[in-house]
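Numbering (the working numbering), first residue to last: 896 to 1117. Every residue gets a Cβ at the ideal spot worked out from N, C-alpha and C, and that includes glycine. For clarity, every value in this text was computed on a predicted model and none was experimentally measured. What follows is a set of notes on a single structure, which appears directly below.
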Amino acid sequence: MVELNKIKKSVAWAALKYILPGTIVGVGTGSTVSYFIEALSTIKHLINGVVSSSLYSTNILKKYGIPIYDLNQVNYLPTYIDGADEINADMHMIKGGGAALTQEKIISSVSETFVCIIDESKKVEILGAFPLPIEVIPMACSYVSNELIKLGGIPKYRKNVITDNGNIIIDIHNFKIRDPVAMENRINALAGVVTVGLFTSRTADVVLVGTKFGIDTIKNNH
Ligand code: 5RP
C-alpha cells in the first residue's frame, strides 16, 4: 500500500510537465489526482487557476489556495489531468470510482489534451473487472437496473452515495465489455442515465503509467 501510494505520487508529479504556464488546468478526482493537486500547488503562481471535477477536489484545491473557475467562464482548457479505474490498449477507460464521472467527462471533453495518470494495475486487456459506474436520475433506478440486467450485467446500487449533481450511482458487476464503444452508446441511450463511466468517445491523449521502475509514457496516435 505504501509502495502503491509512492507510485501514485510520482506519476502525479510527472504530470506537471504537461501544464502550460498562464493557462487554466482541468483537474479530475481521486487519490492520484489528490497527489497531483499537491504537486500543482508548488507551481500555482505560474497558472491562472483550475476547473474542478468534484467537490472533493475543490476542497483540496481550496486548501492550497488555487483559484477555481466555473467551466462556463473558460474559453480555452489546454490540459486535463485525471486518473482512471481501468484503461485498455485503445485508451478506452472506465472511470467513476469516485462518483465524479459526469463532471470528469464534461471537463475532459472540453480540454485539448487529456493526461491520464495511473499505476500499472489499471492497465487491462478487457474492460469490466472494475465495476462500471453509471450516474442515474434517482427515479430511474429500477428501470435502468432492469435494462442493465438485459445487457448481461449485475447492477448494484452504490449505498450512501449521492453525486455532486444530486443523483445515484449504479455499478455494473461481472461485466466483460468486449465492445466498449457500442456499450457506451447503448447505456448512454437509456432514459434516466446521466453518464456512463465508459470513456471511449473522449479517450486519453497521453497516459503516464507509474511502475516500480519509473514512469512509462504512452501517447494516443488518434
Ligand atoms: C473518480 C475517477 C478516478 O479517476 C478513478 O476512480 C481513479 O482513482 P484513483 O486515482 O484513486 O485510483 O474516475 O471518479
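Nearer than 8 Å: is that true of the beta carbon of residue i relative to any heavy atom of the ligand 5RP?
i     : result
K1054 : no
S905  : no
T924  : yes
D980  : yes
T927  : yes
G993  : yes
L996  : yes
G921  : no
D977  : yes
G1023 : no
K1018 : no
K1045 : no
In three-state terms, what does DSSP make of residue i?
i     : result
M988  : strand
T937  : coil
P1075 : helix
E999  : helix
P962  : coil
K1114 : strand
E981  : strand
K1018 : strand
S1006 : coil
Y975  : strand
V928  : helix
Starting from residue i, follow the alpha helix (DSSP H) in both directions and report where the run begins and ends.
i     : result
L950  : L950 to K958
Y1038 : C1036 to K1045
G902  : The sequence as given places Ile at residue 902; Gly does not occur at that position. Segment V897 to A909, the alpha helix (DSSP H) holding I902.
Return the first residue and the last residue of the beta strand (DSSP E) that residue i is part of.
i     : result
F1025 : Unbroken run through F1025: none, as it is neither H nor E.
V1089 : V1088 to V1091
P1050 : I1049 to Y1052
I914  : Segment: none, I914 is in no beta strand (DSSP E) and carries neither H nor E.
D1059 : Note, D1059: premise wrong, no beta strand (DSSP E); not H, not E.
G921  : I919 to V922
L1103 : V1101 to T1106
So the candidates are the options; which of them puts its Cα closest to the Cα of residue i?
i     : options                    : result
H1068 : N1055, K1051 and L1103     : K1051
N943  : I989, K1000, G925 and I963 : I963
A1099 : I1113, I932 and V1089      : I1113
I982  : I1110, N1062 and V1104     : V1104
I1032 : G992, V1088, G991 and L941 : V1088
C1011 : I1072, L899, Y913 and E898 : Y913
N1060 : D980, S1040 and S948       : S948
G917  : T974, S952 and K904        : T974
K901  : V920, E1030, G923 and T927 : T927
A984  : K1017, T997, V969 and G921 : K1017
Give a yes or no on whether 9 Å exceeds the smallest Cβ distance from residue i to chain B.
i     : result
N1069 : Chain labels in this structure do not include chain B; a single protein chain is all it has.
Identify, in the order they occur along the chain, each residue of the same chain with its Cβ nearer than 8 Å to the Cβ of residue i, setting aside the five sequence neighbours on each side.
i     : result
I1044 : P1050
S936  : Y959, G960 and I961
V969  : I919, V946 and V1005
D1014 : L899, I902, K903, V906, T927, V1104, G1105 and T1106
For residue i, collect the residues of the same chain with a Cβ closer than 6 Å to its Cβ; drop the 5 residues on either side in sequence, then sort them by chain order.
i     : result
V1076 : T1095
F931  : A907, A910 and I976
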